[in-house]
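Inspection log for the structure reproduced underneath, given as structure tokens.
In the numbering used here, the protein residues as written are 13 to 190.
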């Protein structure tokens, strides 16, 4: 997979709607030196509407990315769904400061959409990645068991018996002053 695979020569397209489909896997993310996904299986579609004075692009993505759980470090399939709308206008110089409007110079005849597909997929993955087995209790993991053991409020009763007797004397001083 190469970046040029995502270049659309719109000058040769008739006015109207056109659809482009892309199968996104990890080789796509390697183009951006992005390695947070173990595996990727996402279908991205682009509805490309060519008008006389501008282009309207609607990106959609759905599929899964395999990531590590933030709590247990267990890998799991994270579903992703994303959409992105982009209007491309023609102007004197290139300008991508507005995230919804791209201005390209008059005379341009093609556009590369890889960056927009990349951003749409990466932003559709939750920032906190939690294995679904944690929520429904089906995940069995040593890390998860250790986290539950170390959770505050689950102190063992044995620790109460092992209190140093000097602390009891200090506690008595606090209660005597009331």
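We treat Cβ as the ideally placed atom computed from N, Cα and C, and that holds for glycine.
Rounded to whole angstroms, what's the CA-CA distance from residue i to residue j? Just pull it up for me.
i: residue 70; j: residue 92; result: 17 Å
i: residue 36; j: residue 19; result: 15 Å
i: residue 108; j: residue 101; result: 11 Å
i: residue 48; j: residue 95; result: 21 Å
i: residue 181; j: residue 82; result: 45 Å
i: residue 135; j: residue 64; result: 31 Å
i: residue 43; j: residue 163; result: 41 Å
i: residue 118; j: residue 67; result: 13 Å
i: residue 113; j: residue 125; result: 13 Å
i: residue 25; j: residue 45; result: 32 Å
i: residue 21; j: residue 86; result: 43 Å
i: residue 169; j: residue 178; result: Low confidence applies here, because residue 169 scores a pLDDT of 48, under 50, leaving its location unreliable and the question unanswered by this model.
i: residue 123; j: residue 38; result: 22 Å
i: residue 50; j: residue 105; result: 39 Å
i: residue 185; j: residue 176; result: 15 Å
Pick from the options: whose alpha carbon is nearest that of residue i?
i: residue 57; options: 75, 50, 13 and 67; result: 75
i: residue 111; options: 117, 118 and 132; result: 132
i: residue 145; options: 84, 137, 139 and 25; result: 84
i: residue 72; options: 80, 54, 78 and 17; result: 54
i: residue 33; options: 186, 50 and 59; result: 59
Confirm, please, whether the CB-CB distance from residue j to residue i is below 8 Å.
i: residue 88; j: residue 30; result: no
i: residue 98; j: residue 130; result: no
i: residue 62; j: residue 14; result: no
Can you list, in chain order, the residues of its chain whose CB lies under 6 Å from that of residue i, leaving out five sequence neighbours each side?
i: residue 115; result: 101, 103 and 107
i: residue 23; result: 121
i: residue 40; result: 13
Which of the three DSSP states, helix, strand or coil, is assigned to residue i?
i: residue 145; result: helix
i: residue 66; result: strand
i: residue 25; result: coil
i: residue 84; result: coil
i: residue 116; result: strand
i: residue 164; result: coil
i: residue 138; result: coil
i: residue 180; result: helix
i: residue 45; result: coil
i: residue 59; result: strand
Please go through the same chain and pick out, in chain order, the residues whose beta-carbon is closer than 8 Å to the beta-carbon of residue i, but skip the five residues on each side of it.
i: residue 90; result: 76, 77, 78, 79, 137, 138 and 141
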